[in-house]
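Engineer: Submitted below is the structure of interest, expressed as structure tokens.
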Amino acid sequence: MVFKRRNKLGIGRRLLHFVAPPKGWRRGVEYIGHRLRRLPDTPHRIAVGLACGTFVSFTPLFGLHFFLSMGLARLLGGNILASLLGTFFGNPLTFPLIASFSLGFGRRILGHGLSGRDFSRVTDAFAEFFIGLWESFWSIFGYGDAQWGKVMLFMEDILFPYLIGGLLPGVICAVAVYFISRPIIVTWQTRHRARALKIAAMKRKQRKSPSDGVSRQSYVGKKKKPVTG
Numbered sequence: 192m193v194f195k196r197r198n199k200l201g202i203g204r205r206l207l208h209f210v211a212p213p214k215g216w217r218r219g220v221e222y223i224g225h226r227l228r229r230l231p232d233t234p235h236r237i238a239v240g241l242a243c244g245t246f247v248s249f250t251p252l253f254g255l256h257f258f259l260s261m262g263l264a265r266l267l268g269g270n271i272l273a274s275l276l277g278t279f280f281g282n283p284l285t286f287p288l289i290a291s292f293s294l295g296f297g298r299r300i301l302g303h304g305l306s307g308r309d310f311s312r313v314t315d316a317f318a319e320f321f322i323g324l325w326e327s328f329w330s331i332f333g334y335g336d337a338q339w340g341k342v343m344l345f346m347e348d349i350l351f352p353y354l355i356g357g358l359l360p361g362v363i364c365a366v367a368v369y370f371i372s373r374p375i376i377v378t379w380q381t382r383h384r385a386r387a388l389k390i391a392a393m394k395r396k397q398r399k400s401p402s403d404g405v406s407r408q409s410y411v412g413k414k415k416k417p418v419t420g
């Protein structure tokens, strides 16, 4: 492949680059803004798509955010590509805040208080969940004992409170993203349209410039006159 990396990165290096990109987060934000400016759709549909991606970022269904954002955008009439860009609202910088607040808020709603796992143990809970799921799967074929208890503990202690607690802040942030992004997109598209019209006018002006007429006249004047006997 032409664009294949010459030196392959290990898993640890990839995770480090995901959390702290070598070229900084500013480049990623600029890229998202550049893509939004060029989306061929109405400001309303683009803003709805961004809101859908933002809302999905507050769910604990990691690995499914892209699919959920596309489905929600299609349901609400939003731009699908914008919904994918909107999922970047959830990133390594914001996930600790999102998870901590959603877990705590969900536990209070369910009456569990704050006695459950905090964010520092969420990664451990996910690891135990996948281990329990893997061991339970192989137990079906007679290898080892089922560990469905780990799976149920994860769902009761992490997944369900996270899901319930993330709904309200997700809706609030999604609505805020919609009303903030829509006028910005209108401004971007207006400037882009004005610039495109200006460039088109300059090209038309160059085609009809006087220099072309002079060159044609000089060329005609230099034509050889017919020889008369």
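Residue numbering for the sequence shown follows my numbering, starting at 192 and increasing by one per position. No residue lacks a Cβ here, since even glycine has one placed at the ideal position from N, Cα and C. Just so you know, these numbers come straight off a predicted model, no measurement behind them.
Could you compute how far the alpha carbon of F370 sits from the alpha carbon of A238?
Structural biologist: Going from the Cα of F370 to the Cα of A238 covers about 8 Å.
Engineer: With DSSP run on the structure shown, which of helix, strand or coil describes P251?
Structural biologist: The answer is coil: DSSP assigns P251 none of H, G, I, E or B.
Engineer: Quick check: the Cα distance between M261 and P251, rounded to an integer number of angstroms?
Structural biologist: Each residue's alpha carbon lies about 17 Å from the other.
Engineer: Select from V247, A273 and I349 the residue whose C-alpha is nearest the C-alpha of G297.
Structural biologist: Among V247, A273 and I349, the Cα nearest to that of G297 is on I349.
Engineer: Nearest-angstrom Cα distance between F246 and I390?
Structural biologist: Going by the C-alpha atoms only, they are around 39 Å apart.
Engineer: Looking at C-alpha atoms only, which residue of H256, T278, D232 and L276 is the closest neighbour of G268?
Structural biologist: Ranking the options by Cα distance to G268, first place goes to D232.
Engineer: For the alpha helix (DSSP H) that L259 lies in, which residues bound it at each end?
Structural biologist: Looking at the DSSP string, the run of the alpha helix (DSSP H) that includes L259 is H256 to L267.
Engineer: Span of the alpha helix (DSSP H) holding Y353?
Structural biologist: Counting along the chain, the alpha helix (DSSP H) containing Y353 begins and ends at F351 to R398.
Engineer: Pairs of beta-carbons, one from the segment 276-296 and one from the segment 352-361, closer than 8 Å: are there three or more?
Structural biologist: Touching, yes, given that three or more Cβ pairs across the two stretches are closer than 8 Å.
Engineer: Does the Cβ of L275 have 16 or more other Cβ atoms within 10 Å, making it buried, or fewer, making it exposed?
Structural biologist: L275 comes out buried.
Engineer: For W216, which residues of its own chain have a beta-carbon under 6 Å away from its beta-carbon, when the five flanking residues on both sides are left out?
Structural biologist: Reliability of the predicted coordinates at W216 is poor, the pLDDT of 45 falling under 50, and the value obtained from them is presented with this limitation in mind. Correct list: empty, nothing qualifies.
Engineer: Mind reading off the beta-carbon distance from F320 to V342? Whole number of angstroms is fine, and I expect it under 8 Å.
Structural biologist: That pair is a contact at about 6 Å.
Engineer: If you follow the alpha helix (DSSP H) that A290 is part of, which residue opens it and which one closes it?
Structural biologist: Its alpha helix (DSSP H) spans residues F286 to L301.
Engineer: How about F249 and P352: do their beta carbons lie closer than 8 Å?
Structural biologist: Contact: no.
Engineer: My output table needs one value for A316: the three-state DSSP class, helix, strand or coil.
Structural biologist: Correct three-state label for A316: helix.
Engineer: The alpha helix (DSSP H) with A273 in it runs from where to where?
Structural biologist: Per DSSP, A273 belongs to the alpha helix (DSSP H) from I271 to G277.
Engineer: Indicate whether A264 and G302 have their beta-carbon atoms separated by less than 8 Å.
Structural biologist: Cβ atoms of A264 and G302: not closer than 8 Å.
Engineer: What whole-angstrom Cβ distance do Q380 and P234 have, given they're in contact under 8 Å?
Structural biologist: Yes, Q380 and P234 are in contact; Cβ-Cβ is about 7 Å, under 8 Å.
Engineer: What's the gap between the Cα of I300 and the Cα of F345?
Structural biologist: Near 18 Å, if we compare the C-alpha coordinates of F345 and I300.
Engineer: Residues in its own chain within less than 6 Å of C364 by CB, not counting five upstream and five downstream?
Structural biologist: Closer than 6 Å at Cβ, skipping near neighbours: T245.
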